[in-house]
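If you're matching positions, the sequence shown starts at 0 in numbering that gives the first Met the number 0 and goes up one per residue.
The beta carbon of each residue, even a glycine, is placed where N, CA and C say it ideally should be.
Source: prediction; values computed, not measured.
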Amino acid sequence: MLPMHRVVLCNKQNKNIAASLSRYSTGFFYLALSYFLCKTTPTDMPEVFNYPMTYPSWWMDYYYLFTWAFGMLLLALGWAVFFRFGKFSYGVDLGCLWKSIVLVLMTTVSLGVPNYYNTRFVGEHGQDGDSVKLSLDKVLYLDRKGVEKQLKLADVTAIYQESITYNPPPKIFIVAAKSADRDSLFITKNLPGYERLISELTKRTGVPAKLR
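See the structure below:
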């Protein structure tokens, strides 16, 4: 039989060896797990770019009805003032001249303000809630109502910014051509991360982006 102190020493050594093996086995386990996950996780996960939703959906759908209703109410108010206080005659009546000027101004404002607001709203928020998905072989545009439009990256022939911007922000067009068929979609510069999207498109298609 072994002396007692040697038995205790052997037990301590066995415990140390067991603890070391446990640590090494845990490390090897996590290393193997990480390797497995890297190999099994798909690398072609699409990158998603989203336009922020800054207004409620009901306003996005019916804003033009409210703006034009406001314009027509303003125009009706102008006509009401004219009919109430205006004088109608075939000659030049200076007493009614200022009321006619008010009517012309209110007509201009009632038609111009809704048109200006709607045009600017479409430019700045017309894509709110839309998303762009970029995968290894295609780019997909999905609007907030669920309508899809996609282009194959192999068919992309041009990426360029419009030469003249009438309604900011500027638009960047992605053009694809297959045989005689041409199709395109556009994004605007208020899309968060649009620079990275254009950069990835250029890398994956080999088509240089012409931006200003």
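Under three-state DSSP, which class holds residue i?
i, result
"residue 161", "coil"
"residue 180", "strand"
"residue 188", "coil"
"residue 76", "helix"
"residue 49", "strand"
"residue 140", "strand"
"residue 104", "helix"
"residue 134", "coil"
"residue 150", "strand"
"residue 205", "coil"
By alpha-carbon positions, which one of the options ends up nearest to residue i?
i, options, result
"residue 47", "203, 208, 211 and 195", "195"
"residue 97", "108, 81, 106 and 107", "81"
"residue 205", "157, 182 and 180", "157"
"residue 79", "58, 105, 64 and 69", "105"
"residue 197", "124, 149, 172 and 168", "172"
"residue 207", "159, 152 and 50", "159"
"residue 76", "53, 161, 56 and 102", "102"
"residue 187", "129, 116, 53 and 176", "129"
"residue 154", "177, 169 and 170", "177"
"residue 56", "99, 127 and 193", "127"
"residue 166", "174, 120 and 175", "120"
"residue 149", "192, 174, 170 and 51", "174"
Expressed to the nearest angstrom, what Euclidean distance is found between the alpha-carbon atoms of residue i and residue j?
i, j, result
"residue 61", "residue 108", "21 Å"
"residue 31", "residue 137", "Reliability fails at residue 31, whose pLDDT of 48 lies under 50, so the model's placement of it is uncertain and the value that follows must be treated cautiously. Residue 31 and residue 137: Cα-Cα distance of roughly 33 Å."
"residue 65", "residue 202", "45 Å"
"residue 69", "residue 118", "16 Å"
"residue 133", "residue 49", "12 Å"
"residue 44", "residue 135", "8 Å"
"residue 59", "residue 125", "8 Å"
"residue 63", "residue 162", "28 Å"
"residue 122", "residue 181", "24 Å"
"residue 200", "residue 152", "8 Å"
"residue 74", "residue 99", "13 Å"
"residue 170", "residue 83", "49 Å"
Since I believe residue j is in contact with residue i (beta carbons under 8 Å), could you give me their beta-carbon distance rounded to a whole number of angstroms?
i, j, result
"residue 184", "residue 140", "5 Å"
"residue 131", "residue 190", "7 Å"
Using 8 Å as the cut-off, can you tell me whether the stretch 104–123 makes contact with the stretch 139–157, which would need three or more C-beta pairs spanning the two stretches below that distance? no
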